[in-house]
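This note's numbering puts the first residue of the sequence shown at 3, with every later residue one more than the last.
Shown next, in structure tokens, is the structure this report addresses.
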Amino acid sequence: MNTSEIMARLKVKHANEKEYLQAVQEVLETIEDVYNQHPEFEEAKIIERLVEPDRIFTFKVTWVDDNGEIQTNTGYRVQFNSAIGPYKGGLRFHPSVNISILKFLGFEQIFKNALTTLPMGGGKGGSDFNPKGKSDAEIMRFCQAFMLELWRNIGPDTDVPAGDVGVGGREIGYLFGMYKKLAREHTGVLTGKGMTWGGSLIRPEATGFGAVYFVQHMLHLQGKDIKGQKVAISGFGNVAWGAALKATQLGAHVIAISGPDGVIHNPQGMNDEKIAYMLELRRSNNDVVAPFAEKFPDATFIPGKKAWSIKCDIAMPCAYQNELNGDDAKELIANGTWCCAEVSNMGCTPEAIAEFQKARIMFAPGKAVNAGGVATSGLEMTQNAMHISWSAEEVDRKLHEIMSNIHHSCVRYGTQPDGYINYLKGANVAGFMKVATAMLEQGVI
Ligand code: 2IT
């Protein structure tokens, strides 16, 4: 079967899973050429096998809230592909979480993890639990109840979860505590752990830092520097924080951050105090960015608007999937934006990507740009397995090297005859070739 036939069948079989279908379609469209050049892949039905997760666990999570009321949520873990290493990928706690979203995230994770050059397969999990407004004790009870089910299906050489939207250091702590108690082992079964109990230095910063390192490579190749550029960032979570911090350190002006409630226009750029306040805002668990403008009067809050309404050179979506659509892309392009580096997973809709590519604007996909996060998780696994801990400089040096390699792979597989670099194609083809070859070599399993 060719890629269009496979896609057509998937659309019938999983008609309700729109995010999953979107992620698969994007990959299949970009790898079609190489797939056709490798009849051995088609013969081994590599794509048919790759789009189907190895297994999915669904479980009930019951817990008691602070009012003594019993709450029920659904927990999931999608173990997608283990061709090149144990399943690896984050846990997302958000009311929108469902099978389609976790399958899209798990599918993307396969290629992203392959790009890092580290031995990690693809997986993803989470729950429809809404952390917004929950007390610390409620978060702990939920995490413990979640792990009470999940622990049997994960392990340091089997499946290693981490954080994602709604899951940060605090949640990883509660999840790890329960895992350790049940499994009676202190191993690297989760990443993003605390620094005193097996966590890697630089892991909290890694996704945002890695993304900015990637952007530096994109710019250098065009003879440009990040210093002095205006950067618009969406979100104000852990990833947005890391990106804002590194971009500011390198002399860029982060002129927008945003939340579900609207955008902060910050024409003066960030400083240490503002960046520290981003963390405070996130810790407040209220999911609003408006208080930033109350604290810093040089910034303005524009309710209901996205970060893409602010004039910028470089756009970095750092929040959710499909947060930048075709109209947003048109607005950015009209305002003179010349680079979009997706930091969220599938942050741009297919229409937005088409607009950027049509305008020959630099665009790079999340699975390349944000891979520094999971790469540093991979480095955390290595340190745990070796029972050692590397210095921040050592981890940052390795992160730099990994991002440079990923950029190199994208350029190698994505440079078009006219010189335009199709980073989306480059990332998908590079990741696919590695996983497909591994699957072929391991036989029909
Ligand atoms: O989307 C991602 O790559 C993550 N949420 C991080 C996954 C990880 O295992 O560190």
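All C-beta atoms in this analysis are idealised placements derived from N, C-alpha and C, irrespective of residue type, glycine included.
Counted within 10 angstroms of its Cβ, other Cβ atoms place residue i as buried (16 or more) or exposed
i: D398; result: buried
i: W199; result: exposed
i: L93; result: buried
i: L376; result: Here residue 376 is Val; the residue named in the question, Leu, does not match the sequence. Buried, because 16 or more other Cβ atoms sit within 10 Å of the Cβ of V376.
i: H410; result: exposed
i: S137; result: exposed
i: I72; result: exposed
i: K90; result: buried
i: G135; result: exposed
i: G244; result: buried
i: G445; result: exposed
i: E207; result: buried
i: H222; result: exposed
i: Q81; result: buried
i: P419; result: exposed
i: V14; result: exposed
i: Q385; result: buried
i: G70; result: exposed
i: M3; result: exposed
i: A317; result: buried
Residue i CB to nearest heavy atom of the ligand 2IT below 6 Å
i: K90; result: yes
i: D166; result: yes
i: S379; result: yes
i: V345; result: no
i: G175; result: no
i: G375; result: yes
Nonlocal neighbours in the same chain, by C-beta distance under 6 Å from residue i, ignoring five residues either side
i: K436; result: A116
i: S379; result: A164 and T193
i: A309; result: A234, S236, A258, S260 and V265
i: V290; result: G261 and D263
i: M122; result: G87, K90, N115 and G380
i: L442; result: A46
7 Å Cβ shell around residue i - same chain, five flanking residues per side excluded
i: N407; result: T119
i: G175; result: G196
i: Y425; result: F365, A366, P367, A370, C412 and G416
i: G77; result: F61, V63, S129, F148, E151 and L152
i: N75; result: V63, S129, D130 and F131
i: G168; result: R94, F95, H96 and P133
i: N324; result: M348 and T351
i: A301; result: I266, H267, N268, F294 and A295
i: E21; result: S102, I103, F106 and Q323
N-terminal and C-terminal residue of the alpha helix (DSSP H) that residue i is part of
i: Y37; result: K20 to Q39
i: P352; result: P352 to K360
i: A377; result: A373 to M388
i: F106; result: I101 to L117
i: M364; result: First-last for M364: M364 to A366, but that is the beta strand (DSSP E), not the alpha helix (DSSP H).
i: N288; result: No alpha helix (DSSP H) contains N288, which DSSP labels as neither H nor E.
i: T193; result: First-last for T193: undefined, no H or E at that position.
i: E187; result: Careful: E187 lies outside any alpha helix (DSSP H) and carries neither H nor E.
i: F238; result: Where F238 is concerned, there is no enclosing alpha helix (DSSP H), given that its DSSP letter is neither H nor E.
i: K332; result: G328 to A336
i: L152; result: D138 to L152
i: I48; result: I48 to L52
Beta-carbon contacts of residue i that lie in its chain and below 8 Å, excluding the five residues immediately before and after
i: Y215; result: K248, G374, L401, H402, M405 and S406
i: G27; result: Note on identity: in this sequence residue 27 is Gln, with Gly being the wrong assignment. Cβ neighbours of Q27 beyond the five flanking positions: M9 and P352.
i: G230; result: G253, A254 and H255
i: P305; result: D263, G264 and A292
i: K232; result: A254, H255, I257, K313, C314, D315 and I316
Opposing strand residues paired with residue i [DSSP bridges]
i: W65; result: Q73
i: D161; result: Y89 and G157
i: R11; result: Partner(s): none; R11 has no beta bridge.
i: I423; result: T417
i: T60; result: Y78
i: S260; result: V265
i: V233; result: V256 and I316
i: N83; result: G124
i: D274; result: DSSP lists no partner for D274.
i: F95; result: S129
i: V169; result: D166
For residue i, the first and last residue of its enclosing beta strand (DSSP E)
i: C341; result: C341 to A343
i: H219; result: Careful: H219 lies outside any beta strand (DSSP E), inside the alpha helix (DSSP H) at R205 to L223.
i: H267; result: G264 to H267
i: K450; result: No answer is possible for residue 450: it lies beyond the span of the chain, which begins at 3 and ends at 447.
i: I304; result: T302 to P305
Near the ligand HEM: residue i beta-carbon under 6 Å from a heavy atom
i: L203; result: This structure does not include the ligand HEM; its bound ligands are the ligand 2IT.
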